[in-house]
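Colleague: In this note's numbering, the protein residues as written are 9 to 224.
Glycine included, each C-beta is placed from N, C-alpha and C at the ideal position.
Keep in mind that this is a model prediction, so the values were computed, not measured.
A single structure is presented below for examination.
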Amino acid sequence: MFVGHYGVGFAAKAVKKTIPLWQLFIAVQLVDIAWATLVLFGVEKFRIVPGITAASPLDLYYIPYTHSLLAVVIWSLAAMVIYRFAVKRSTWLVAGVIAVTVLSHWLLDLLVHRPDLPLYDNHMKVGLGLWNYPVLSFALEALCLFGGMFFYYRATQPVGGRGRYAMIVFGLVMLGVQSTALFSPPPPSANAVAVMALVSYFLFAAVVYWLEKKRA
Ligand SMILES: [Zn+2]
């Protein structure tokens, strides 16, 4: 899953309004940021196999440190503890919300991935495979994204005219980015995918940092 993860970030913002949205954007993609980084360092591995699922050509055959269930639980707990002590005025409750948003990544990935998500290390792989149904998986991403945004809109007020629609437009742009990946030819290399993923994660977090000022 790609942009659907951000729906959890928006919903978490509605639950705990003191957490900046850009931090939640990083939290929901934390294990993917780690994944792309470890791929560039040659620690985790995948290859591009066009057609391996209808919507994604990634054969993620070695992702134990970022996408095994055990690893994601550890990432969530680590994020919770680091957030509690590194971020001023945070509480265990706020840090717990961060932990849940980090963990949510694996649960949403479980819906769309083919059985390539290990339960621990590189063993016992699971995945419900919705990526084999491009329209359905795309609809699910859109539903997650805008479902989460709905709660965010209910919990916040626009500041000025742009605050009314800016986030919705941003959501549509993110969905647009995702759909271009569906229709463009397979990416040239695994490293290119990792770089593009990292750029989009940080770009989206930067844009939301700026857009968040338009709602309070
Ligand atoms: Zn992932």
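Would the stretch 168 to 175 count as touching the stretch 35 to 44 if we require 3 or more Cβ pairs under 8 Å?
Modeller: These segments do not touch.
Colleague: Any chance you could list the alpha helix (DSSP H) runs of at least 4 consecutive residues sitting entirely within the stretch 113 to 146, in chain order?
Modeller: Listed in chain order, there is nothing to give.
Colleague: Using three-state DSSP, classify Phe10 as helix, strand or coil.
Modeller: Residue state, collapsed to three classes: coil.
Colleague: Per the contact definition of three or more C-beta pairs closer than 8 Å, is the stretch 94 to 107 in contact with the stretch 125 to 135?
Modeller: Segments in contact, no.
Colleague: Distance check for Ile176 and Gly26, CA to CA, integer angstroms please.
Modeller: Per the sequence shown, residue 26 should be read as Thr rather than Gly. Distance between the alpha carbons of Thr26 and Ile176: 21 Å.
Colleague: Hey, would you say the C-beta of Asp129 is under 7 Å away from at least one heavy atom of ligand 1?
Modeller: The answer is no for Asp129.
Colleague: How many whole angstroms separate the CB atoms of Val108 and Thr74, which I take to be in contact at a CB cut-off of 8 Å?
Modeller: With 8 Å as the limit, Val108 and Thr74 do not qualify as a contact, their Cβ atoms being about 18 Å apart.
Colleague: Just to confirm the assignment: which complete beta strand (DSSP E) runs, minimum length 3, are found wholly within the stretch 35 to 122?
Modeller: DSSP runs (the beta strand (DSSP E)) wholly in the stretch 35 to 122: 53 to 56, 66 to 70.
Colleague: Do you know whose CA, among Ser145, Pro142, Tyr141, Asp117, lies nearest Lys133's CA?
Modeller: Checking every option, the nearest Cα to that of Lys133 belongs to Asp117.
Colleague: What residue does the alpha helix (DSSP H) around Gln165 start on, and which one ends it?
Modeller: Counting along the chain, Gln165 falls outside any alpha helix (DSSP H), and DSSP gives it neither H nor E.
Colleague: Would you say the stretch 161 to 169 touches the stretch 74 to 88, given that touching needs at least three Cβ pairs under 8 Å?
Modeller: Judged by Cβ distances under 8 Å, the stretch 161 to 169 makes no contact with the stretch 74 to 88, as fewer than three pairs qualify.
Colleague: Given a cut-off of 8 Å, decide if Lys21 and Tyr160 are closer than it, judged by their beta-carbon atoms.
Modeller: Going by C-beta atoms, Tyr160 is nearer than 8 Å to Lys21.
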